[in-house]
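To start, the structure itself, in structure tokens.
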Amino acid sequence: MKIKAVMPDKAMDSETLELRGKMLSEVLSDDVELSVGCIKEGPDELDCHTDEAFAAPELIREAIKAEAEGYEAFVMYCFSDVAVDAIRENVRIPVIGPGELTLAIASLMCNRFCVITTESSNIPRTYRRLMKNCIAQTKMTSVKALDIPIHELRADKNVTQKYLLDVCRKAVIEENADGIILGCLGMAEYGDYIEANLPVKVFDPAFLSVAFAEFCVRTGVRHISDMYTPFTNKSNIKL
Numbered sequence: 035m036k037i038k039a040v041m042p043d044k045a046m047d048s049e050t051l052e053l054r055g056k057m058l059s060e061v062l063s064d065d066v067e068l069s070v071g072c073i074k075e076g077p078d079e080l081d082c083h084t085d086e087a088f089a090a091p092e093l094i095r096e097a098i099k100a101e102a103e104g105y106e107a108f109v110m111y112c113f114s115d116v117a118v119d120a121i122r123e124n125v126r127i128p129v130i131g132p133g134e135l136t137l138a139i140a141s142l143m144c145n146r147f148c149v150i151t152t153e154s155s156n157i158p159r160t161y162r163r164l165m166k167n168c169i170a171q172t173k174m175t176s177v178k179a180l181d182i183p184i185h186e187l188r189a190d191k192n193v194t195q196k197y198l199l200d201v202c203r204k205a206v207i208e209e210n211a212d213g214i215i216l217g218c219l220g221m222a223e224y225g226d227y228i229e230a231n232l233p234v235k236v237f238d239p240a241f242l243s244v245a246f247a248e249f250c251v252r253t254g255v256r257h258i259s260d261m262y263t264p265f266t267n268k269s270n271i272k273l
């Protein structure tokens, strides 16, 4: 089985991508080949709606390419689920959006969850998007920020863990949250530390998304053409 995960930012070197692939493969079966890549054009980081807009065409192209190369599932590797619906119109393989997936799983396991994003400037954008989701409308207590830029999340693990623990503690104490959603896939692997120090369940979209991609391939779970009408380019878009 082959799974492709693509990040919606181009500022990723090959070493970082390889390390991310090895990390994520820990939750996959031995016969699963995971390839982690990033877009070649577009934003260096995904920090706003404009970044999302410029990343979207590249993600669609990467998904089409992945399907043509024999990949059996495509993971849009960002909590913002950039262009997921559009990608599904262009490929027939399962397309995983980490954000919508993690909200669904959290709804099964906890009563009140807090979403942690990177910087305070991302709170309005994240909140605006999540409040369109019926699960978030009923179970999300708040969106909180670490105030650590995306590119620095993994620069000093101890610092990130400290900031994350402080923010999560406030959610548990002040909001009675029993669930924490890591609202950026750059926070992958930090969940165990939080769970060891707080009475809370942490949901890590990075691992959940690739594991669910494998599940979808094995069980035949995927979107259908009647729900996502295949794109025929009647609008004459330059692909």
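First residue of the sequence shown? That's 35 in the working numbering, and the numbers climb one at a time after it. Even glycine gets a Cβ: it sits at the ideal position worked out from N, Cα and C.
Through-space distance from residue j to residue i, alpha-carbon basis
{"i": "glycine 225", "j": "aspartate 65", "result": "26 angstroms"}
{"i": "proline 264", "j": "valine 125", "result": "8 angstroms"}
{"i": "valine 177", "j": "valine 244", "result": "24 angstroms"}
{"i": "aspartate 190", "j": "arginine 256", "result": "38 angstroms"}
{"i": "alanine 179", "j": "lysine 204", "result": "11 angstroms"}
{"i": "glutamate 106", "j": "lysine 36", "result": "6 angstroms"}
{"i": "leucine 198", "j": "alanine 140", "result": "19 angstroms"}
{"i": "valine 61", "j": "proline 158", "result": "32 angstroms"}
{"i": "aspartate 119", "j": "asparagine 267", "result": "16 angstroms"}
{"i": "glycine 55", "j": "alanine 240", "result": "11 angstroms"}
{"i": "cysteine 144", "j": "leucine 216", "result": "15 angstroms"}
{"i": "lysine 74", "j": "lysine 99", "result": "13 angstroms"}
{"i": "leucine 80", "j": "glycine 131", "result": "15 angstroms"}
{"i": "glutamate 101", "j": "valine 70", "result": "14 angstroms"}
Distance CB(residue i)-CB(residue j) smaller than 8 angstroms
{"i": "threonine 172", "j": "threonine 160", "result": "no"}
{"i": "cysteine 82", "j": "valine 40", "result": "no"}
{"i": "aspartate 200", "j": "lysine 235", "result": "no"}
{"i": "valine 248", "j": "serine 59", "result": "For clarity, residue 248 is glutamate in the given sequence; the question names valine instead. Result no, Cβ atoms of glutamate 248 and serine 59 do not sit closer than 8 angstroms."}
{"i": "phenylalanine 147", "j": "glycine 133", "result": "no"}
{"i": "cysteine 110", "j": "leucine 93", "result": "It should be noted that the sequence gives methionine, not cysteine, for residue 110. Yes, they are a contact pair."}
{"i": "cysteine 202", "j": "isoleucine 228", "result": "yes"}
{"i": "methionine 221", "j": "leucine 242", "result": "no"}
Residues bridged to residue i [DSSP beta-bridge criterion]
{"i": "leucine 216", "result": "Ile150"}
{"i": "alanine 39", "result": "Val70, Val109"}
Presumed contact (8 angstroms Cβ cut-off) between residue i and residue j, rounded CB distance
{"i": "isoleucine 121", "j": "alanine 87", "result": "About 14 angstroms separates the two Cβ atoms, so there is no contact after all."}
{"i": "phenylalanine 22", "j": "isoleucine 214", "result": "Shown here, the chain extends from 35 to 273; a query on residue 22 therefore has no answer."}
What are the uninterrupted segments assigned as alpha helix (DSSP H) that are 4 or more residues long and contained completely in the region 60-84, given in chain order?
-> Along the region 60-84, the alpha helix (DSSP H) does not occur as any fully enclosed run of 4 or more residues.
Unbroken stretches of the beta strand (DSSP E), 3 residues or longer, contained in the region 93-149 = 107-110
Which residue spans inside the region 227-267 form an unbroken beta strand (DSSP E) run of at least 3?
-> The region 227-267 contains these whole beta strand (DSSP E) runs: 235-237.
Residue ranges of each beta strand (DSSP E) run of no fewer than 3 residues wholly in the region 154-227, ordered along the chain?
-> 174-179, 213-216
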